[in-house]
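Asker:
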Amino acid sequence: MTTVADIVQGQDLAQLPSHSTIRETARYMVERGVGSVLVMEEGELRGIFTERDALRIFVATHRNTDFTCLADVMTEAPQTLLPDVRPAEAVARMAEGNFRHMPVVDGDGRILGVISQRDLMASGAGC
1 MTTVADIVQG
11 QDLAQLPSHS
21 TIRETARYMV
31 ERGVGSVLVM
41 EEGELRGIFT
51 ERDALRIFVA
61 THRNTDFTCL
71 ADVMTEAPQT
81 LLPDVRPAEA
91 VARMAEGNFR
101 HMPVVDGDGR
111 ILGVISQRDL
121 MASGAGC
């Protein structure tokens with residue numbers, strides 16, 4: 001049976017430090033073609049920043065993207081999925097929390113990847 005670990009296997013993690021500006025982060029996301037960035041400090045997950053967050057900041061709050069850092073706007077301590085979670089359970093957890101992206105983290109806290117609703121739809125789990 002497929003697990004979220006199977007789906008994210010081999011992902012090149014999109015990650016930036018918390019002092020990165022929103023403009024830098026947005027450029028990074030566009031260049032990499034990703035919808036989320038893990039905010040990392042000293043090898044540990046501190047938060048997540050998503051395309052929804054970017055839209056909120058760019059359009060709704062009018063913050064200066066050259067001076068606003070990820071630390072100021074990221075979702076801190078995001079909910080995560082364990083690698084053995086089945087896609088249907090991931091869909092349910094994401095729907096419950098209204099998430100489009102969730103980090104997949106093993107029992108030792110090592111990040112294996114980020115699962116997205118798009119990944120889950122492509123796997124046949126549906127969203």
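Quick note: the sequence shown uses this note's numbering, first residue 1, plus one each step. Backbone N, C-alpha and C define an ideal beta-carbon position, used for all residues, glycine too.
Hey, GLN117 and ARG100 are a contact pair by Cβ (cut 8 angstroms); roughly how many whole angstroms apart?
Answerer: In the sequence shown, residue 117 corresponds to position 117, counting from 1. In the sequence shown, residue 100 corresponds to position 100, counting from 1. The Cβ separation is near 5 angstroms, so the contact holds.
Asker: What span of residues does the alpha helix (DSSP H) with ALA59 cover, start to end?
Answerer: Residue numbering aside, residue 59 sits at position 59 when the sequence shown is read from its first letter. Rather than Ala, the amino acid found at residue 59 in this sequence is Val. Here VAL59 belongs to no alpha helix (DSSP H), and DSSP marks it neither H nor E.
Asker: Less than 8 angstroms separating the beta-carbons of GLU41 and SER18?
Answerer: Locating residue 41 in the sequence shown gives position 41, where the first residue counts as 1. Locating residue 18 in the sequence shown gives position 18, where the first residue counts as 1. In this structure, SER18 lies closer than 8 angstroms to GLU41 by Cβ.
Asker: Going by DSSP in three states, VAL129 sits in which element: helix, strand or coil?
Answerer: The structure shown does not extend to residue 129, since the chain is modelled only from 1 through 127, so no value can be given for it.
Asker: Just to check my reading of the structure: LEU38 and VAL114 have Cβ atoms closer than 8 angstroms, yes? What is that Cβ distance to the nearest angstrom?
Answerer: Start at 1 with the first residue of the sequence shown, and residue 38 comes out as number 38. Start at 1 with the first residue of the sequence shown, and residue 114 comes out as number 114. Indeed they touch by this definition, with Cβ atoms about 7 angstroms apart.
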